[in-house]
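Quick mapping for you: the protein sequence lines, in order, are chains U and C. Going by numbering that gives the first Met the number 0, the first sequence opens with residue 0, and the numbers climb by one from there. Going by numbering that gives the first Met the number 0, the second sequence opens with residue 0, and the numbers climb by one from there. Glycine included, each C-beta is placed from N, C-alpha and C at the ideal position. Predicted model, so just to flag it, every value in this text is computed and none were measured. Before any comments, here is the structure.
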Amino acid sequence: METPVVETHALTKRYKSRAVVDRIDLRVGRGEIYGFLGLNGAGKTTTIRMLMGLIHPSEGHMRLFGVPVPAERLHVMRRVGALVESPSYYGHLSGWDNLRVLAVMLEVPDRRIAEVLEIVGLSIEAKKKVKDYSLGMKQRLAIAAALLGSPELLVLDEPTNGLDPAGIHEVRDLIRRMPREHGITVLVSSHLLAEVDQMATSVGVIHAGRLIFQGPIGDLRARSRGHVSLSVDRPAEALALLNGQGRNVRLAEGRLRLDSLVPEDAAALVAALVARDVPVYRVEEQQLSLEEIFLELTAEASQP
Amino acid sequence: MTGAGVARAEGPVGVGGSAGPRRAGHSEDPARASAHGTSFGALAAADWRRMRHTWLLPLTVMGPLGVTLMGVILFLLKGEWLLSGFDPAIDSGFGILFEQLGMIQIFALGLGATLIASMIVDVEHRSDTWKAFLVLPVRRWKAYVVKFAWAALLLATASVLMGLGYAVLMVWQDLGPIPWADVARASALPWIGTLPLLAFQLLVSTSMKNQALPLALGIITPMFGMGMSGMPAWLPWRLPTQGLILAAGGVTAGSPGEALAWLTVPVLCALSAASVLVSVGAALLTRKEIR
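Take a look at the structure:
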């Protein structure tokens with residue numbers, strides 16, 4: 000089996016006695032875009048900080064490219080580019096000079112600075128002081144900084160936080176290009192299911208410090224498949240009627256819910272209601288929200 | 000070295016198709032030069048880049064310039080009184096100058112050490128860049144030692160400029176030939192005496208994000224240090240004054256034999272105290288949780 004790019008075993012971080020990250024087994028394969036999904040405060044950033052050697056784990060083991068970290072992190076950090084939480088930059092320096100500081104330490108030539116600025120589309124603003132950049136530009140500069148050392152693994156912590164829709168789109172596009180055009184494995188965290196859904200190939204879901212799901216994005220997508228919700232007059236009566244006909248319908252929040260997205264099923268339901276003179280006001284397809292998926296996953300996880 | 004072995008064994012990246020020329024270049028030896036992390040030289044060069052467009056460099060010039068200007072004012076106001084009965088053949092012109100400005104120089108050095116130590120790490124605090132730069136293959140203790148070295152170098156530059164300031168004042172007031180050996184001691188000994196204070200301030204400034212306390216501490220404690228004669232002589236706040244006394248002693252004694260006594264107890268004390276404090280600071284940064 001190929002060595003995973005990122006691998007953790009029973010990784011735990013405790014503050015006082017509270018486990019912020021609780022026995023996590025992360026596995027990111029080569030060439031993947033791994034979406035690390037969780038609500039704010041679920042433990043994403045803490046996990047990433049441990050992987051990057053910024054904070055010390057309370058327990059557990061980590062490997063990057065098969066190399067144990069933080070013990071031998073100097074051997075691998077040259078191959079990793081990271082953006083940890085909010086972008087950090089020297090406001091008194093230009094975008095170019097900011098990258099220059101890092102380039103000197105990574106011993107990469109100035110040519111590479113121009114390259115990464117080009118990749119993130121900041122070539123024109125390179126000479127401007129970063130404190131005059133927009134948030135989106137700062138974020139892109141931070142991504143450029145992460146790309147500077149030509150990493151094989153790119154770790155991006157909430158890279159679209161605080162961006163406007165156009166900025167989000169750009170960053171997402173950028174991330175999707177990484178494995179294809181540069182052979183880079185990406186670990187990207189987010190609190191938005193839709194965002195992960197649009198770029199990730201694999202996903203790990205963290206909730207209250209526990210990794211409650213890990214696998215191909217398709218598997219999670221299957222779980223998050225929605226339902227059809229019908230708003231009708233006299234819902235209780237309608238429910239009795241439909242259940243009487245042997246149709247699998249539930250009542251939720253005053254609406255009828257059909258756990259099937261097959262168009263014919265919904266059509267048949269509406270036809271049955273209309274036939275009995277039950278007014279149908281609205282038929283909607285509803286996706287499970289991230290919270291609902293979490294609830295579902297945590298409910299499963301806590302089952303014996 | 001197992002890590003490097005594993006890293007090499009994996010070789011070039013195959014996933015994702017075309018792997019461009021720069022990737023090919025990069026995978027020659029992924030573990031290249033990484034066993035020790037970024038070198039001192041590269042760290043120092045990076046710090047130099049960070050320092051530009053900050054107040055660090057102007058401050059280094061402004062300190063000695065300020066003390067020299069105070070000397071100018073002093074001579075304009077009471078020059079006649081200071082030089083009454085001055086005989087270049089007998090008296091040391093530099094001795095008179097140093098007697099007047101030495102204490103101000105020490106005070107400026109303490110203040111300068113405080114400001115430099117604070118500013119050189121506040122560049123990282125303020126911009127939240129510790130995390131961005133410590134995720135690189137950088138050994139934290141090296142990064143810390145380099146920051147101290149820069150701070151010490153800036154303070155040394157200020158001290159050299161102070162020596163030039165003394166020389167300028169001597170020429171202006173026609174105080175006789177410049178005794179360069181004495182001037183060198185007057186520059187170097189207070190500087191060496193201030194190194195422990197610098198190391199202490201760097202430690203405090205690094206360990207907290209808000210610089211109000213480190214600054215307050217660094218401004219108030221040296222003032223008390225001047226009157227701490229009852230306290231142990233190796234305390235960082237007492238050593239600058241001892242450096243001053245040592246330098247002044249050489250000046251007043253005026254004998255060439257005494258002027259060569261560099262490796263004295265206060266100097267050794269200062270160098271050891273600075274080394275210990277830098278080591279402690281480096282260890283603290285190494286253990287620090289960067290959030």
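>> Tell me which residues of the segment 131–150 of chain C have at least one Cβ-Cβ distance to chain U shorter than 8 Å, keeping chain order.
In response: 131, 132, 133, 134, 135, 136, 137, 138
>> Please state the DSSP three-state secondary structure of residue 201 of chain U.
In response: Within the first sequence, numbered from 1, the residue matching residue 201 of chain U stands at position 202. In the structure shown, residue 201 of chain U sits in a strand (DSSP, three-state: E or B).
>> My output table needs one value for residue 20 of chain C: the three-state DSSP class, helix, strand or coil.
In response: The count along the second sequence starts at 1 and reaches residue 20 of chain C at position 21. Only weak support exists for where residue 20 of chain C lies, its pLDDT of 36 falling under 50; the value from the coordinates is given anyway. Helix, per DSSP.
> CA-CA distance, residue 111 of chain U and residue 147 of chain U?
Replying inline: Taking the first sequence and counting its residues from 1, one reaches residue 111 of chain U at position 112. Taking the first sequence and counting its residues from 1, one reaches residue 147 of chain U at position 148. Near 7 Å, if we compare the C-alpha coordinates of residue 147 of chain U and residue 111 of chain U.
>> Rounded to the nearest angstrom, what separates residue 261 of chain U and residue 255 of chain U at their Cα positions?
In response: Taking the first residue of the first sequence as position 1, residue 261 of chain U is located at position 262. Taking the first residue of the first sequence as position 1, residue 255 of chain U is located at position 256. Taking the straight line joining both Cα atoms gives about 16 Å.
>> For residue 281 of chain C and residue 202 of chain C, what's the separation of their Cα atoms in angstroms?
In response: As a first step, residue 281 of chain C is located in the second sequence; it is residue number 282 there, counting from the start. As a first step, residue 202 of chain C is located in the second sequence; it is residue number 203 there, counting from the start. Spanning the two alpha carbons is a distance of roughly 8 Å.
> Apart from the five residues on each side of it in sequence, which residues of its chain come closer than 7 Å, Cβ to Cβ, to residue 284 of chain U?
Replying inline: As a first step, residue 284 of chain U must be located in the first sequence, where it is residue number 285. Excluding residues within five positions, the ones whose Cβ falls inside 7 Å are 225, 227, 260.
> Does DSSP put residue 230 of chain U in a helix, a strand or coil?
Replying inline: Here residue 230 of chain U is taken as the residue at index 231 of the first sequence, counted from 1. In this structure, residue 230 of chain U counts as strand in the three-state DSSP scheme.
>> Please identify, using Cβ separations under 8 Å, the residues of the segment 29–53 of chain U that lie next to chain C, in order along the chain.
In response: 29, 30, 48, 51, 52, 53
>> Taking CB distances under 8 Å as the criterion, tell me whether residue 122 of chain C reaches chain U.
In response: If you number the second sequence from 1, residue 122 of chain C lands on position 123. By this cut-off, residue 122 of chain C is an interface position.
> DSSP three-state call for residue 12 of chain U: helix, strand or coil?
Replying inline: Against the first sequence, residue 12 of chain U aligns to sequence position 13. Note: residue 12 of chain U maps to strand in three-state DSSP.
> So what does residue 34 of chain U bridge to, in DSSP terms?
Replying inline: Position 35 of the first sequence, counting from 1, holds the residue named residue 34 of chain U. Paired residue(s): U/187, U/202.
> Enumerated in chain order, which unbroken segments of the alpha helix (DSSP H) with a length of 4 residues or greater are wholly contained in the segment 117–174 of chain U?
Replying inline: 134–146
> Helix, strand or coil: how does DSSP classify residue 121 of chain C here?
Replying inline: Counted from its first residue, the second sequence places residue 121 of chain C at position 122. It is helical.
> Are the C-beta of residue 320 of chain U and some C-beta of chain C separated by less than 8 Å?
Replying inline: Since the displayed chain U opens at 0 and closes at 303, residue 320 of chain U lies outside it and no answer follows.
> When the cut-off is 8 Å and only beta carbons count, does residue 8 of chain U lie next to chain C?
Replying inline: Position 9 of the first sequence holds residue 8 of chain U. Judged by the 8 Å Cβ criterion, residue 8 of chain U is not in contact with chain C.
> Does the beta-carbon of residue 9 of chain U have 16 or more other beta-carbons within 10 angstroms, so that it is buried, or is it exposed?
Replying inline: Taking the first sequence and counting its residues from 1, the one referred to as residue 9 of chain U is at position 10. Under this definition residue 9 of chain U is an exposed residue.
>> Comparing C-alpha positions only, which one of U/24, U/107, U/192 sits nearest to residue 287 of chain U?
In response: By one-based count along the first sequence, residue 287 of chain U stands at place 288. Taking only the C-alpha atoms, the option nearest residue 287 of chain U is U/192.
>> Taking the alpha carbon of residue 267 of chain C as the reference point, which residue from C/245, C/284, C/288, C/285 has its own alpha carbon closest?
In response: Locating residue 267 of chain C in the second sequence gives position 268, where the first residue counts as 1. Among C/245, C/284, C/288, C/285, the Cα nearest to that of residue 267 of chain C is on C/245.
> Can a CB atom of chain U be found closer than 8 Å to the CB of residue 290 of chain C?
Replying inline: Counting from one through the second sequence, the residue named residue 290 of chain C turns up at place 291. Yes, residue 290 of chain C counts as interfacial toward chain U.
> Residues of chain U with CB under 7 Å from residue 126 of chain C, in chain order?
Replying inline: Sequence index remark: in the second sequence, residue 126 of chain C carries index 127 (1-based). What residue 126 of chain C touches in chain U: 87, 88, 89, 90.
>> I'd like to know whether the C-beta of residue 218 of chain U is nearer than 8 Å to at least one C-beta of chain A.
In response: Here the protein chains are U and C, and chain A is not one of them.
> Secondary structure at residue 116 of chain C, three-state DSSP: helix, strand or coil?
Replying inline: The residue labelled residue 116 of chain C in the question sits at position 117 within the second sequence. Looking at residue 116 of chain C - three-state DSSP - the assignment turns out to be helix.
> Which residues in the same chain as residue 206 of chain U place their Cβ atom closer than 8 Å to its Cβ, once the five residues preceding and following it in sequence are excluded?
Replying inline: Reading the first sequence from its first residue, position 207 is the one you call residue 206 of chain U. Once the five neighbours on either side are set aside, the close Cβ partners of residue 206 of chain U are 37, 38, 41, 293, 296, 297.
>> residue 155 of chain U and residue 183 of chain U - do their beta-carbons sit closer together than 8 Å?
In response: The count along the first sequence starts at 1 and reaches residue 183 of chain U at position 184. The count along the first sequence starts at 1 and reaches residue 155 of chain U at position 156. In this structure, residue 155 of chain U does not lie closer than 8 Å to residue 183 of chain U by Cβ.
> Are residue 44 of chain U and residue 6 of chain U closer than 8 Å when you measure CB to CB?
Replying inline: Along the first sequence, one-based indexing puts residue 44 of chain U at 45. Along the first sequence, one-based indexing puts residue 6 of chain U at 7. Cβ distance not < 8 Å, so residue 44 of chain U and residue 6 of chain U don't count as in contact.
>> Starting from residue 214 of chain U, trace the beta strand (DSSP E) in both directions and tell me its first and last residue.
In response: Looking up residue 214 of chain U in the first sequence gives position 215. It spans 209–215 - the beta strand (DSSP E) in which residue 214 of chain U sits, taken as one unbroken run.
>> So within the segment 243–286 of chain U, which uninterrupted beta strand (DSSP E) runs reach at least 3 residues, ignoring any that extend past its ends?
In response: 248–251, 254–257, 279–285
>> Can you list, in chain order, the residues of its chain with a C-beta nearer than 6 Å to that of residue 91 of chain U? Leave out the 5 residues immediately preceding and following it.
In response: Here residue 91 of chain U corresponds to residue number 92 of the first sequence, with the count starting at 1. There are no such residues.
> Helix, strand or coil for residue 273 of chain C per DSSP?
Replying inline: Numbered from its first residue, the second sequence carries residue 273 of chain C at position 274. Residue 273 of chain C falls in the helix class under three-state DSSP.
> Relative to the alpha-carbon of residue 190 of chain U, which residue among U/157, U/51, U/213 has its alpha-carbon at the smallest distance?
Replying inline: In the first sequence, residue 190 of chain U corresponds to position 191, counting from 1. Comparing Cα-Cα distances from residue 190 of chain U to each of U/157, U/51, U/213, the minimum goes to U/157.
> For the beta strand (DSSP E) that residue 23 of chain U lies in, which residues bound it at each end?
Replying inline: Mapped onto the first sequence, residue 23 of chain U falls at position 24. From DSSP, the beta strand (DSSP E) with residue 23 of chain U extends over 17–23.
>> Is it buried or exposed, residue 74 of chain U, if we count other Cβ atoms within 10 angstroms and call 16 or more buried?
In response: Against the first sequence, residue 74 of chain U aligns to sequence position 75. Residue 74 of chain U is buried by the Cβ-count criterion.
>> Let's test the definition: count the other Cβ atoms within 10 Å of the Cβ of residue 249 of chain U and tell me whether it reaches 16, buried, or not, exposed.
In response: Residue mapping note: residue 249 of chain U aligns to position 250 of the first sequence, counting from 1. Classification of residue 249 of chain U: exposed, given that the 10 Å Cβ count is below 16.
>> Using a Cβ-Cβ cutoff of 7 Å, what residues of the segment 51–69 of chain C are near chain U? List them in chain order.
In response: 52, 53
> Mind checking whether residue 195 of chain C and residue 204 of chain C have CB atoms under 8 Å apart?
Replying inline: In the second sequence, residue 195 of chain C corresponds to position 196, counting from 1. In the second sequence, residue 204 of chain C corresponds to position 205, counting from 1. Their beta carbons are not under 8 Å apart, which means residue 195 of chain C does not touch residue 204 of chain C by this criterion.
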